[in-house]
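Top to bottom, those sequences are chains B and S.
Residue numbering for the first sequence follows our numbering, beginning at 1 and increasing consecutively.
Residue numbering for the second sequence follows our numbering, beginning at 1001 and increasing consecutively.
Cβ coordinates follow ideal geometry from the N, Cα and C atoms, glycine included.
There are 2 protein chains.
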Amino acid sequence: MQEYELLIRNIHQIIAINETDISIIRQAFKPRLLEKKEILLQTGEISTHMQFIARGCLRSYYLNKNAQEHILQFGIESWWINDLYSYLTQTPARHFVQAIEPSLVLQVHRNSLENLFKEVPAMERFFRLKIQNAYVALQERTINAMSQTAEERYLDFRTRYREIEQRVPQYMIAAYLGITPEFLSTIRKKFAS
Amino acid sequence: MQEYELLIRNIHQIIAINETDISIIRQAFKPRLLEKKEILLQTGEISTHMQFIARGCLRSYYLNKNAQEHILQFGIESWWINDLYSYLTQTPARHFVQAIEPSLVLQVHRNSLENLFKEVPAMERFFRLKIQNAYVALQERTINAMSQTAEERYLDFRTRYREIEQRVPQYMIAAYLGITPEFLSTIRKKFAS
DNA sequence: CGTCTATTTGAATGTACTCAAAAGCGGTGG
DNA sequence: CCACCGCTTTTGAGTACATTCAAATAGACG
């Protein structure tokens, strides 16, 4: 049950919860093991769960009309990952969510989360804050994508997500930054240690 | 009071409201006239109002560290405009909101909106949907910024926001697309009618 | 060890920027 | 009403940034 500790800590950092709340939260979340490359959410499916990463590394990505992959988000331990729009509006997902490493997520179903909100109202605030943060992070990324060179974006990524950089293959970082793997390779050469 | 009709229609398209609701909504929103170039929200200020554009054209923009302007959003009649993050979190705004033309906005103060939610609960759903749509629009824009050429982005903008393209100066469209005005000019030459 | 995938390298090309200057346009004052 | 001023848009030359394609090299894993 150690994985649940991480979840509880993650929530407790943001909102106040007591022992009763904690046991209600534990019951609402179900563990799900994922193999490397296993897909948690497909385009076209409707997202029914919020998921917390207890162990491993995942990504959400999108295929554009030329079938190029674009990564929207990476996630490691203590992050939340989803196609938020599909979840919120109950419309077909436009993104995939996939495990990069063997992973363990703690999932709460939409209905179950609604009940949780009734029993632990502060959880509603918790998720509202998560969504707000996701929004502002996205806004910053949009601006950076438009105003910075690939090199600047890469260095920014490196400092911001030091750990992720070491855990995911380079071509995925390129797909996150919106550049080709070849060009990322030449950028990296400049900063070779 | 014609400007209020537009607001009511905008809300009524999304949620069911009766005559009583309408008069409550009318009272909550106050008109504010803006001159061309007048700034409605400054970086550093905390956003206290949601605003609906009844007449005119506005933009929200951001200055990056090289003091370049990047436009996040244009808005014309029937659109909502704000620094949403500042409004939601009550933290200092990172963006400016400015009138491009002489404009009229209908503003509702945060406190007033909270009261409105109690009297007309469906309004809470209305704004939640607005925020969700803003999120997904931003996500699409991020992907496009990374995966499309300037020309593709411009053509996309043109079909998506035909009217805005005709109302705002070209250098602002460049600032929206993340390219230089010179380069936008050469792109346009190719499609000269 | 062999196979498959990921990364690197390099040449040629395309996309977008910088800088400078000219042309166009819109409002204001005389 | 027109002339002028300031701002916006266009044009062009030179350069920087990033891609494509092809091939070589390196790593990971059964």
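As assigned by DSSP and simplified to three states, the class of Phe1029 (chain S): What you label residue 1029 (chain S) is simply residue 29 of the second sequence in a count that begins at 1. In this structure, Phe1029 (chain S) counts as coil in the three-state DSSP scheme.
Please classify Ser277 (chain B) as buried or exposed, where buried requires at least 16 other C-beta atoms within 10 Å of its C-beta. Residue coverage of chain B in this structure runs from 1 to 193, which leaves residue 277 (chain B) outside it and unanswerable.
By the 10 Å Cβ neighbour count, where 16 or more other Cβ atoms means buried, how is Arg1059 (chain S) classified, buried or exposed? Here residue 1059 (chain S) refers to the residue found at position 59 when the second sequence is read from its first residue. Counting Cβ neighbours within 10 Å, Arg1059 (chain S) comes out buried, since at least 16 surround it.
With a threshold of 8 Å, are at least 3 pairs of Cβ atoms found where one atom belongs to the segment 86-96 of chain B and the other to the segment 13-30 of chain B? no
Beta-carbon of Thr1020 (chain S) versus every beta-carbon of chain B: anything under 9 Å? Locating residue 1020 (chain S) in the second sequence gives position 20, where the first residue counts as 1. No, no contact with chain B.
How many angstroms separate the CA atom of Leu1138 (chain S) from the CA atom of Lys190 (chain B)? By 1-based counting over the second sequence, the position of residue 1138 (chain S) is 138. By 1-based counting over the first sequence, the position of residue 190 (chain B) is 190. Straight-line Cα distance between these residues: approximately 33 Å.
When the distance is taken between beta carbons, is Phe1183 (chain S) closer than 9 Å to Ile1173 (chain S)? What you label residue 1173 (chain S) is simply residue 173 of the second sequence in a count that begins at 1. What you label residue 1183 (chain S) is simply residue 183 of the second sequence in a count that begins at 1. No; because the gap between Cβ atoms is not below 9 Å, this pair is not in contact.
In DSSP terms, what His49 (chain B) is bridged to: For the purposes of this step, residue 49 (chain B) is identified with residue 49 of the first sequence, where counting begins at 1. DSSP, once it has assigned bridges, lists B:His109 as partnering His49 (chain B).
Asn71 (chain B) and Ala175 (chain B): beta carbons closer than 9 Å? Numbered from its first residue, the first sequence carries residue 71 (chain B) at position 71. Numbered from its first residue, the first sequence carries residue 175 (chain B) at position 175. Note on identity: in this sequence residue 71 (chain B) is Ile, with Asn being the wrong assignment. For Ile71 (chain B) and Ala175 (chain B), yes; Cβs fall inside 9 Å.
Which residue or residues does DSSP assign as beta-bridge partners of Trp79 (chain B)? Taking the first sequence and counting its residues from 1, one reaches residue 79 (chain B) at position 79. Answer by DSSP bridge pairing: none, since Trp79 (chain B) is not bridged.
If the criterion is Cβ atoms closer than 9 Å, does the pair Ile1187 (chain S) and Glu1151 (chain S) meet it? Mapped onto the second sequence, residue 1187 (chain S) falls at position 187. Mapped onto the second sequence, residue 1151 (chain S) falls at position 151. For Ile1187 (chain S) and Glu1151 (chain S), yes; Cβs fall inside 9 Å.
Listed from N- to C-terminal order along the chain, which residues in the segment 1133-1149 of chain S have their beta-carbon within a distance smaller than 7 Å of any beta-carbon of chain B? Tyr1135, Val1136, Leu1138, Gln1139, Arg1141, Thr1142, Ile1143, Ala1145, Met1146, Ser1147
Can you check which of these residues, S:Phe1029, S:Glu1038, S:Gly1178, S:Thr1048, is closest to Arg1110 (chain S) by C-alpha distance? On the second sequence, position 110 is the one that residue 1110 (chain S) refers to. Considering only alpha carbons, the answer is S:Thr1048.
Got a sec, what are the start and stop residues for the beta strand (DSSP E) Ala974 (chain S) sits in? Outside the modelled stretch of chain S, which goes from 1001 to 1193, sits residue 974 (chain S), for which no answer is possible.
Rounded straight-line distance, which links the Cα of Gln1027 (chain S) to that of Gln1148 (chain S): In the second sequence, residue 1148 (chain S) corresponds to position 148, counting from 1. In the second sequence, residue 1027 (chain S) corresponds to position 27, counting from 1. Approximately 45 Å between the Cα atoms of the pair.
Own chain, CB closer than 6 Å to Met1123 (chain S), minus 5 neighbours either side, in chain order: On the second sequence, residue 1123 (chain S) is found 123 positions in, with the first residue counted as 1. So the list reads Leu1116, Phe1117, once near-sequence residues are dropped.
Go ahead and pull the three-state DSSP assignment for Phe191 (chain B). The residue labelled residue 191 (chain B) in the question sits at position 191 within the first sequence. Phe191 (chain B): coil per DSSP, three-state reduction.
Could you please give me the residues that DSSP links to Phe74 (chain B) through a beta bridge? Counting from 1 along the first sequence, the entry for residue 74 (chain B) is found at position 74. Bridge partners of Phe74 (chain B): B:Arg59.
Evaluate Asn10 (chain B) with the Cβ neighbour count: other Cβ atoms within 10 Å of its Cβ, from every protein chain shown; 16 or more gives buried, anything less gives exposed. Reading the first sequence from its first residue, position 10 is the one you call residue 10 (chain B). Counting Cβ neighbours within 10 Å, Asn10 (chain B) comes out buried, since at least 16 surround it.
Would you list the one or two residues that DSSP bridges to Pro1092 (chain S)? In the second sequence, the residue the question calls residue 1092 (chain S) occupies position 92. Bridge partners of Pro1092 (chain S): S:Ile1046.
Would a check of beta-carbon distances place His1049 (chain S) closer than 9 Å to chain B? As a working mapping, residue 1049 (chain S) is identified with position 49 in the second sequence. With 9 Å as the cut-off, His1049 (chain S) does not count as an interface residue toward chain B.
Short of 7 Å in beta carbon distance, which residues of its chain neighbour Leu1006 (chain S), apart from the five on each side in sequence? Order them along the chain. As a working mapping, residue 1006 (chain S) is identified with position 6 in the second sequence. Within the same chain, Leu1006 (chain S) has close Cβ partners Ala1054, Glu1077, Ser1078.
Chain-ordered neighbours of Gln1027 (chain S) on chain B, where CB pairs are closer than 8 Å: Residue 1027 (chain S) sits at position 27 when you count from the first residue of the second sequence. Per Cβ cutoff of 8 Å: no residues; Gln1027 (chain S) is ~27 Å from chain B at best.
So, is the C-beta of Asn64 (chain B) closer than 9 Å to a C-beta in chain S? Numbered from its first residue, the first sequence carries residue 64 (chain B) at position 64. Chain S, which has a Cβ nearer than 9 Å to the Cβ of Asn64 (chain B), makes this yes.
Given a cut-off of 9 Å, decide if Leu1084 (chain S) and Ala1134 (chain S) are closer than it, judged by their beta-carbon atoms. Indexing the second sequence from 1 puts residue 1134 (chain S) at position 134. Indexing the second sequence from 1 puts residue 1084 (chain S) at position 84. It is a contact, given that the beta carbons lie within the stated cut-off.
Contact with chain S by Tyr85 (chain B), beta-carbon distance below 9 Å: If you number the first sequence from 1, residue 85 (chain B) lands on position 85. Yes, Tyr85 (chain B) lies at the interface with chain S (some Cβ there is under 9 Å from its Cβ).
Mind pulling the chain B residues with CB within less than 7 Å of Gly1044 (chain S)? Along the second sequence, one-based indexing puts residue 1044 (chain S) at 44. Within 7 Å Cβ-Cβ: nothing; Gly1044 (chain S) doesn't reach chain B, min ~16 Å.
Quick one: which chain B residues come within Cβ less than 9 Å of Gly1075 (chain S)? Residue numbering aside, residue 1075 (chain S) sits at position 75 when the second sequence is read from its first letter. Neighbours of Gly1075 (chain S) on chain B: none; closest Cβ ~16 Å, over 9 Å.
Could you give the residue range of the beta strand (DSSP E) that holds Ile1039 (chain S)? Working through the second sequence from its first residue, we reach residue 1039 (chain S) at position 39. Its beta strand (DSSP E) spans residues 1039-1041.
Can you check which of these residues, B:Leu40, B:Gly56, B:Lys65, is closest to Gln166 (chain B) by C-alpha distance? In the first sequence, residue 166 (chain B) corresponds to position 166, counting from 1. Checked all of B:Leu40, B:Gly56, B:Lys65; the closest Cα to Gln166 (chain B) is B:Gly56.
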